[in-house]
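Listed in order, the protein sequences are those of chains X and W.
Numbering of the first sequence is given in our numbering, commencing with residue 1 and proceeding in unit increments.
Numbering of the second sequence is given in our numbering, commencing with residue 1 and proceeding in unit increments.
Ideal placement from N, C-alpha and C gives every residue a C-beta, glycine not left out.
Computed from a prediction, not measured in an experiment: that's the story for all the values here.
These notes concern the structure reproduced below.
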Amino acid sequence: EAGVTQSPRYAVLQEGQAVSFWCDPISGHDTLYWYQQPRDQGPQLLVYFRDEAVIDNSQLPSDRFSAVRPKGTNSTLKIQSAKQGDTATYLCASSRGHSSYEQYFGPGTRLTVL
Amino acid sequence: GDSVTQTEGLVTVTEGLPVKLNCTYQTTYLTIAFFWYVQYLNEAPQVLLRSSTDNKRTEHQGFHATLHKSSSSFHLQKSSAQLSDSALYYCALSQSGSFNKLTFGAGTRLAVCP
Numbered sequence: 001e002a003g004v005t006q007s008p009r010y011a012v013l014q015e016g017q018a019v020s021f022w023c024d025p026i027s028g029h030d031t032l033y034w035y036q037q038p039r040d041q042g043p044q045l046l047v048y049f050r051d052e053a054v055i056d057n058s059q060l061p062s063d064r065f066s067a068v069r070p071k072g073t074n075s076t077l078k079i080q081s082a083k084q085g086d087t088a089t090y091l092c093a094s095s096r097g098h099s100s101y102e103q104y105f106g107p108g109t110r111l112t113v114l
Numbered sequence: 001g002d003s004v005t006q007t008e009g010l011v012t013v014t015e016g017l018p019v020k021l022n023c024t025y026q027t028t029y030l031t032i033a034f035f036w037y038v039q040y041l042n043e044a045p046q047v048l049l050r051s052s053t054d055n056k057r058t059e060h061q062g063f064h065a066t067l068h069k070s071s072s073s074f075h076l077q078k079s080s081a082q083l084s085d086s087a088l089y090y091c092a093l094s095q096s097g098s099f100n101k102l103t104f105g106a107g108t109r110l111a112v113c114p
């Protein structure tokens, strides 16, 4: 079974530029999560979906961040006008509903905003 | 909201000696699941242990942890540390029935020295 895949693996931007991250969850996993992991900190949940519906995006900085999962499979996280404080690794994870508590993480995208 | 506290940022131990990583939590929910995730260098976090049963020891790959709701703790232990155990360890909790929304601690880096 293929794991969670993410691209790109690395991104370097100047402040004010936009960037998109892409995630392909494990096949059959209906729940998808995006986390932000600043250096030397634990992952912090940004947003998560059940199928194509947003369940909770309360931690997503809505003025610059957006996330979609239009067909309930792949997902895109976008940052408009990146700031230096956005420098972090962005992790995508998926799980099979809430009958199993385990989330499977992708390798992440390491973002550096100069 | 929920919170998870890992008091040590770095734990250094000599190979073959026991190691303990501390984890305490605060939550208002009665039904919760707990995890230890391990993250090796440049890899995604992966589940090491999970538990939702009070006072029951859980073991995997030589590590063990026991959830103690009376003291709000879920410490991770190993009787004999190995060089390959060097990694970042995160304690996390999930509210049952909330689509596995995870709250992570800040993480503890374990360095096992020869």
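Quick check on the burial criterion: 16 or more other C-beta atoms within 10 angstroms. Buried or exposed for residue i?
{"i": "residue 85 (chain W)", "result": "buried"}
{"i": "residue 38 (chain X)", "result": "exposed"}
{"i": "residue 78 (chain W)", "result": "buried"}
{"i": "residue 75 (chain X)", "result": "buried"}
{"i": "residue 76 (chain W)", "result": "buried"}
{"i": "residue 12 (chain X)", "result": "exposed"}
{"i": "residue 9 (chain X)", "result": "exposed"}
{"i": "residue 29 (chain W)", "result": "exposed"}
{"i": "residue 53 (chain W)", "result": "exposed"}
{"i": "residue 83 (chain W)", "result": "exposed"}
{"i": "residue 57 (chain W)", "result": "exposed"}
Quick check on residue i - is its C-beta less than 8 Å from some C-beta in chain W?
{"i": "residue 42 (chain X)", "result": "yes"}
{"i": "residue 45 (chain X)", "result": "yes"}
{"i": "residue 91 (chain X)", "result": "yes"}
{"i": "residue 106 (chain X)", "result": "yes"}
{"i": "residue 103 (chain X)", "result": "yes"}
Leaving out five residues before and five after residue i in sequence, what residues of the same chain have Cβ atoms less than 8 Å from its Cβ?
{"i": "residue 81 (chain W)", "result": "13, 14, 15, 16, 17, 18, 19, 110 and 112"}
Identify, in the order they occur along the chain, each residue of the same chain with its Cβ nearer than 7 Å to the Cβ of residue i, setting aside the five sequence neighbours on each side.
{"i": "residue 40 (chain W)", "result": "87"}
{"i": "residue 86 (chain X)", "result": "79, 111 and 113"}
{"i": "residue 27 (chain W)", "result": "2 and 93"}
So, is the C-beta of residue i closer than 8 Å to a C-beta in chain X?
{"i": "residue 106 (chain W)", "result": "yes"}
{"i": "residue 93 (chain W)", "result": "no"}
{"i": "residue 21 (chain W)", "result": "no"}
{"i": "residue 102 (chain W)", "result": "yes"}
With a CB to CB cut of under 6 Å and the five nearest residues on each side skipped, what residues in its chain are close to residue i?
{"i": "residue 106 (chain W)", "result": "6"}
{"i": "residue 81 (chain X)", "result": "16 and 64"}
At least three beta-carbon pairs within less than 8 Å, the stretch 30 to 41 of chain W to the stretch 79 to 96 of chain W | yes
Could you say if the stretch 75 to 94 of chain X and the stretch 14 to 29 of chain X meet the contact criterion of at least three C-beta pairs nearer than 8 Å?
-> yes
At a Cβ cut of 7 Å, what residues of the stretch 69 to 90 of chain W count as close to chain X, listed as they run along the chain?
-> 90
Could you list the residues in the stretch 43 to 67 of chain W with a C-beta less than 9 Å from some C-beta on chain X, going in chain order?
-> 43, 44, 45, 46, 47, 50 and 52
Using Cβ-Cβ distances below 8 Å, what residues of the stretch 47 to 71 of chain X are close to chain W?
-> Only those residues of the stretch 47 to 71 of chain X whose C-beta falls short of 8 Å from the nearest C-beta of chain W are listed: 48, 50, 55 and 56.
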